[in-house]
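Protein chains in written order, with my numbering: chain A, 1 to 206; chain B, 1 to 524.
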Ligand SMILES: Cc1cc2nc3c(=O)[nH]c(=O)nc-3n(C[C@H](O)[C@H](O)[C@H](O)COP(=O)(O)OP(=O)(O)OC[C@H]3O[C@@H](n4cnc5c(N)ncnc54)[C@H](O)[C@@H]3O)c2cc1C
């Protein structure tokens, strides 16, 4: 396919029509007939956000994000042939998700991650991200409480953070595209699809 | 061109409004139905999606529907937007009002469990003194229940027990019980508790809604006009007669204000919304009872046990699966001593799994536990009846309006010791039964959701024979205004443990036939 590529490095739109040889104009017109065969206004976008872009974290501080990465890795390591939280970009997703959440949830995460770092520094003289599994366990386990009813997380802020983070890291991993792809590749049936209900002519942006 | 005067204006198109339209048009009355919501095409408006294909990985946009625990990112657009139509409550008294505004209302999405109420609920005051008796009994409603069951195509297992009245059921083959369900059934039976099966509306093609079971026949009579996107602001009254003569509504999109004329007004906006409309119109409240006795069921109490022989995926075929339904089994005998009045039903489901919070583990250790117990769990949950209380009420909050400038409801409802005691008794009873089967308890809670969560909010406009203590008479007709009816759950006097819809529909059918007869005889 020949285009104006051979022309000087001037954006095509800026080239006055008069400067373009007649032969090229007629060729453009001929090419334009192919797209014109589509219904006017038919959609053309064919890409997916997640397929083209790496998520960028902007909500947590660097030290909070490092702690969240380590926590994600411990809470959801790759298991049974499934990707872990890191492969599923969960820390970056949670940076976005928590960043969009009500202030209470943001505070829970920020203070929870700070607490992991404070305790790690106090007990082992280094940030949570640098702890080995045994050291990290010595920080996490004492913070955990049982949650007999999923609709009410513990009142203690540390236990509440751990319970929320465990749930969200697990769910975000299992709901990821990477998890889905691994499930399909292993010949297993993916779970988690549901009927999505479109908005019905909403009148009010809340 | 002069606009028509309809025989009946029906406000709301859910199960209750749909039933009214179905009956009234068959009786030859001309009806207009207004609904606040748009019409949806379920085939077009729904598509199967993977969670990762949604902006928040299926985890919901945080904070979008704070009162709708049932909401997730897939169904978020089903529910009334809390910013568009807010309501208020004291933060210390949470209330979860779960609303749908579409043509068909909640009938598009309901769970279809369909139980009759019994005289243990209709005549509750005689048994426990909690609340008042209804002005009707099961016998009064029986024929209407039977016809409603035929419309909904309810299936169920007959038990011959008056506290769990049988219905006009389709034949259903429940097959043999799994051995775990059989075991828990034996344990319950040995304690004198009836064990049955869930009774459910089959509807047609998996849908038992107003839009597929009730409205098509009504439209076919040529007697019904349905206008969606019509939000009724207030009921209007003829100054000369003192009777309702129609309603003002606002167009949802354009916000144009219009008035419609009718000889009779039937409210079916879904309990609290009907009450809101009456309060905003300043009608039907000579008793001072409008807005009071708001009730719904207590949900959330849960006990989970693990069956040792079923762990690690080792359950032999026929061991797990199925459910046992225990209709209310406490306080059935007058004078029975418990720490609470009224009762609760219990559902015991075989074959579930645990949630992560049951273990103080994470990562691989947690996953091992979850895998070990997956499919090996017995989960008991309850349907608890809340006590009707005068203090539990809704009022209008003039300071807050919805997106169309209509003042919103303030909800003031809280639980009392009876609810806490009932929840504790239920958790203890479930634990005791599951343990005696030889199963290990993984979790037990007597906590429960705030009022409203069950989506069976009823009351606030209750019926009764005494116009001083009730808003409606036994025909769902306003004591104050003969041509004003409320046919949704607002009329309930007690809420029962049973899901309310079957009873709402049977009452709406009965009220509509009465209304048609009254119009024919000229009494209205
Ligand atoms: C997920 C779910 C599961 C459920 N499961 C069960 C179950 O298993 N068993 C059971 O018995 N019940 C169940 N229910 C409850 C059941 O759906 C309701 O009890 C029943 O549908 C109520 O019908 P209704 O006609 O009274 O009210 P609604 O269905 O709420 O209809 C009211 C209609 O009025 C309209 N409206 C409101 N205000 C106005 C206004 N100002 N002007 C005009 N129109 C207005 C609304 O748009 C709505 O369409 C469930 C509900 C849900 C959501």
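Even for Gly, the Cβ is constructed at its ideal location relative to N, Cα and C. In this text, all values refer to a predicted model and were calculated from it rather than measured experimentally.
C-alpha distance - residue i paired with residue j, whole-angstrom precision
i: residue 384 of chain B; j: residue 145 of chain B; result: 22 Å
i: residue 188 of chain B; j: residue 148 of chain B; result: 31 Å
i: residue 510 of chain B; j: residue 445 of chain B; result: 40 Å
i: residue 430 of chain B; j: residue 182 of chain B; result: 16 Å
i: residue 21 of chain A; j: residue 192 of chain A; result: Caution is warranted here: a pLDDT of 45 is assigned to residue 21 of chain A, below 50, making its placement in the model unreliable, and the coordinate value is therefore given only provisionally. Approximately 58 Å, taken between the alpha carbons.
i: residue 143 of chain A; j: residue 112 of chain A; result: 10 Å
i: residue 232 of chain B; j: residue 248 of chain B; result: 6 Å
i: residue 363 of chain B; j: residue 77 of chain A; result: 6 Å
i: residue 154 of chain B; j: residue 196 of chain B; result: 15 Å
i: residue 130 of chain B; j: residue 473 of chain B; result: 20 Å
i: residue 92 of chain A; j: residue 55 of chain A; result: 6 Å
i: residue 67 of chain A; j: residue 83 of chain B; result: 36 Å
i: residue 29 of chain B; j: residue 123 of chain B; result: 34 Å
i: residue 177 of chain B; j: residue 306 of chain B; result: 18 Å
i: residue 80 of chain A; j: residue 180 of chain A; result: 14 Å
i: residue 182 of chain A; j: residue 85 of chain A; result: 13 Å
i: residue 440 of chain B; j: residue 75 of chain A; result: 26 Å
i: residue 175 of chain A; j: residue 49 of chain B; result: 11 Å
i: residue 193 of chain B; j: residue 334 of chain B; result: 16 Å
i: residue 291 of chain B; j: residue 484 of chain B; result: 16 Å
i: residue 170 of chain A; j: residue 90 of chain B; result: 34 Å
i: residue 115 of chain A; j: residue 158 of chain A; result: 8 Å
i: residue 195 of chain A; j: residue 80 of chain B; result: 18 Å
i: residue 535 of chain B; j: residue 156 of chain B; result: The question about residue 535 of chain B has no answer here: the residues shown for chain B are numbered 1 through 524.
i: residue 353 of chain B; j: residue 318 of chain B; result: 17 Å
i: residue 132 of chain A; j: residue 69 of chain A; result: 13 Å
Close Cβ partners of residue i (< 6 Å) along its chain, the five nearest in sequence each way excluded
i: residue 464 of chain B; result: 135 and 470
i: residue 328 of chain B; result: 343, 345 and 497
i: residue 166 of chain B; result: 158
i: residue 119 of chain A; result: 139
i: residue 228 of chain B; result: 35, 38, 39 and 103
i: residue 490 of chain B; result: 271, 274, 275, 460 and 461
i: residue 302 of chain B; result: 381 and 445
Any non-hydrogen atom of ligand 2 within 6 Å of residue i CB
i: residue 86 of chain A; result: This structure simply doesn't include ligand 2; it includes ligand 1 instead.
With 16 other Cβ atoms within 10 Å as the buried cut-off, status of residue i
i: residue 189 of chain A; result: exposed
i: residue 365 of chain B; result: exposed
i: residue 330 of chain B; result: buried
i: residue 186 of chain B; result: exposed
i: residue 1 of chain B; result: exposed
i: residue 254 of chain B; result: exposed
i: residue 1 of chain A; result: Residue confidence for residue 1 of chain A is low, a pLDDT of 38 falling below 50, so the modelled location carries little weight and cannot support an answer.
i: residue 132 of chain B; result: buried
i: residue 174 of chain B; result: exposed
i: residue 524 of chain B; result: buried
i: residue 128 of chain B; result: buried
i: residue 198 of chain A; result: exposed
i: residue 479 of chain B; result: buried
i: residue 7 of chain B; result: buried
i: residue 220 of chain B; result: exposed
i: residue 257 of chain B; result: exposed
Cβ neighbours of residue i in the same chain (closer than 7 Å, five flanking residues each side left out)
i: residue 104 of chain B; result: 13, 14, 209, 210 and 211
i: residue 339 of chain B; result: 421 and 425
i: residue 545 of chain B; result: The first residue shown for chain B is 1 and the last is 524, placing residue 545 of chain B beyond what the model contains.
i: residue 63 of chain A; result: 117 and 127
i: residue 86 of chain B; result: 400, 402 and 408
8 Å CB neighbourhood of residue i in its chain, flanking five on each side removed
i: residue 336 of chain B; result: 330
i: residue 204 of chain B; result: 153, 212 and 213
Test: residue i CB closer than 7 Å to a CB of chain C
i: residue 57 of chain B; result: Absent from the structure is chain C; the protein chains it does hold are A and B.
Review point. When the Cβ atoms of the stretch 291-311 of chain B are set against those of the stretch 456-476 of chain B, are three or more pairs found closer than 8 Å?
Key: yes
Review point. Can we say the stretch 330-348 of chain B touches the stretch 494-509 of chain B, given the rule of at least three CB pairs closer than 8 Å?
Key: yes
**Study point:** Sufficient close CB pairs (3 or more, under 8 Å) joining the stretch 60-67 of chain B to the stretch 29-46 of chain B
**Key:** no
**Study point:** contact_flag[the stretch 101-120 of chain A, the stretch 159-168 of chain A] where n(CB pairs < 8 Å) is 3 or more
**Key:** yes
Check your understanding: Would you call the stretch 90-100 of chain A and the stretch 48-63 of chain A in contact, with 3 or more CB pairs under 8 Å?
Key -> yes
Practice item. Spell out a yes or no on whether the stretch 146-162 of chain A and the stretch 354-363 of chain B are touching, meaning 3 or more CB-CB pairs, one atom from each, closer than 8 Å. Key: yes
Exercise for review: Would you check if there are 3 or more beta carbon pairs closer than 8 Å linking the stretch 418-434 of chain B to the stretch 227-247 of chain B?
Suggested key: no
Point to revise | Inter-stretch contact at 8 Å, needing at least 3 Cβ pairs: the stretch 268-278 of chain B / the stretch 373-392 of chain B | key: no
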